[in-house]
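Its first residue numbered 139, the sequence shown is counted upward by one per residue in the working numbering.
Report on the structure given below.
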Amino acid sequence: MGRNSAFILACLIVLSACASGGTDPYNRAVEDYCMGRLSESVESYKQAIILNPSDPRPEFNLAVIYQDQEKLEQAERLYRTIIERNPGFAPAWSNLASIQEKRGQADEAEKSHRRALEADRDGCAAASQFGYFLLRAQRRDEATAVFEHSIEKDSRCANAWFGLGLIAEAEGDLRTALRNYDNALIYNPSDLEACLRSADIMISQGERGRAVGLLQKAASLDPARGDINLLLGKLLLEEGKLKDAEKALELARKTGAPPAECDRELYIVYGKLREEAAAKTR
139 MGRNSAFILA
149 CLIVLSACAS
159 GGTDPYNRAV
169 EDYCMGRLSE
179 SVESYKQAII
189 LNPSDPRPEF
199 NLAVIYQDQE
209 KLEQAERLYR
219 TIIERNPGFA
229 PAWSNLASIQ
239 EKRGQADEAE
249 KSHRRALEAD
259 RDGCAAASQF
269 GYFLLRAQRR
279 DEATAVFEHS
289 IEKDSRCANA
299 WFGLGLIAEA
309 EGDLRTALRN
319 YDNALIYNPS
329 DLEACLRSAD
339 IMISQGERGR
349 AVGLLQKAAS
359 LDPARGDINL
369 LLGKLLLEEG
379 KLKDAEKALE
389 LARKTGAPPA
399 ECDRELYIVY
409 GKLREEAAAK
419 TR
């Protein structure tokens, strides 16, 4: 339960520079990262660190890449270098905590999260990540308090709204969960997980029309997810939107959904389309 804190916090630094371009190593590294050229990005970040060792950004972004690649020792070494020089650099503390948690060092992870909180008193990023840590540790009441406090500081904290949605959903309060996921989407329209969780709740409550809209948004956010396209196709079929269902199901087949299941649904769609065509000729 929760999210990949390393990726989320990295976005605050990496993606803000994606449009900057330039020929210096840092900007090259950022551009390569945004284009998916990770090996080139790593080399450019290393050059940027040599040229400007006092700047924590290239070290942090390189550490995030290592962490995403499961090179945890290398990532930890970089995070510790950053916080030795810049003890107020909250994202490094939060990402170090995620490594410690993964290793089963819960006490050390909590200490690192609390250091991140001290360094980010006015923000919500470190607090919301601490909330997910508490949630994974089954400390739901504490997590709720942390998320609520984050929202008090910044009502636009999408991560905190999502966390409260998870808690409400786990407690069976689906109406509150939907409201919280809606807020998460307001402040972070690209939140795929909030889209999918909201859609699941809508489906469970028989509100397929609203679920279709959420799944269409989810499919636009990640067109390569065969499971999303398949579920969308099924709902569109149930809603009688045959052409849209056909398109979604054919895309599902191309994007990794089970071929037999896609073919079964498409067989139904094609049959209904033939019936419609025959009815028009009578």
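In this text, a Cβ means the ideal position worked out from N, Cα and C, and glycines have one as well.
Bear in mind the structure is a predicted one, so any value in this text is a computation, not a measurement.
As assigned by DSSP and simplified to three states, the class of residue i
i    : result
G371 : helix
N165 : helix
C333 : helix
Q243 : coil
C172 : helix
Q343 : coil
P225 : coil
S232 : helix
K410 : helix
C400 : helix
R317 : helix
E376 : helix
R252 : helix
D360 : coil
E211 : helix
Y417 : Before going on, a small fix: residue 417 reads as Ala here, not Tyr. It is helical.
N199 : helix
Beta-carbon spacing of residue i, residue j below 7 angstroms
i    : j    : result
R407 : L380 : Sequence check: residue 407 is Val here, not Arg. It is a contact, given that the beta carbons lie within the stated cut-off.
D329 : A322 : yes
A306 : T314 : yes
L374 : A383 : yes
Q207 : S232 : no
A356 : L334 : yes
A371 : G394 : For clarity, residue 371 is Gly in the given sequence; the question names Ala instead. It is not a contact, given that the beta carbons lie outside the stated cut-off.
K240 : C262 : no
F285 : G301 : yes
Euclidean distance between Cα positions of residue i and residue j
i    : j    : result
Y132 : E248 : Summary: the structure shown does not reach residue 132, with the chain confined to residues 139 through 420, and so no result is reported for it.
L200 : V180 : 6 angstroms
L316 : P361 : 24 angstroms
Y183 : P225 : 21 angstroms
R114 : E222 : Past the edges of the chain, shown from 139 to 420, lies residue 114, and the structure says nothing about it.
E178 : E197 : 15 angstroms
C172 : P327 : 19 angstroms
A257 : E280 : 20 angstroms
L216 : P397 : 44 angstroms
P163 : Q238 : 30 angstroms
S293 : I324 : 11 angstroms
C-beta neighbour in chain C for residue i, strict 7 angstroms
i    : result
N199 : Of the chains in the structure shown, none is chain C; there is only one protein chain.
Self-check item: Entirely enclosed beta strand (DSSP E) segments - the region 274-315, minimum 3 residues
Solution: Taking only runs of at least 3 residues, no beta strand (DSSP E) segment lies wholly in the region 274-315.
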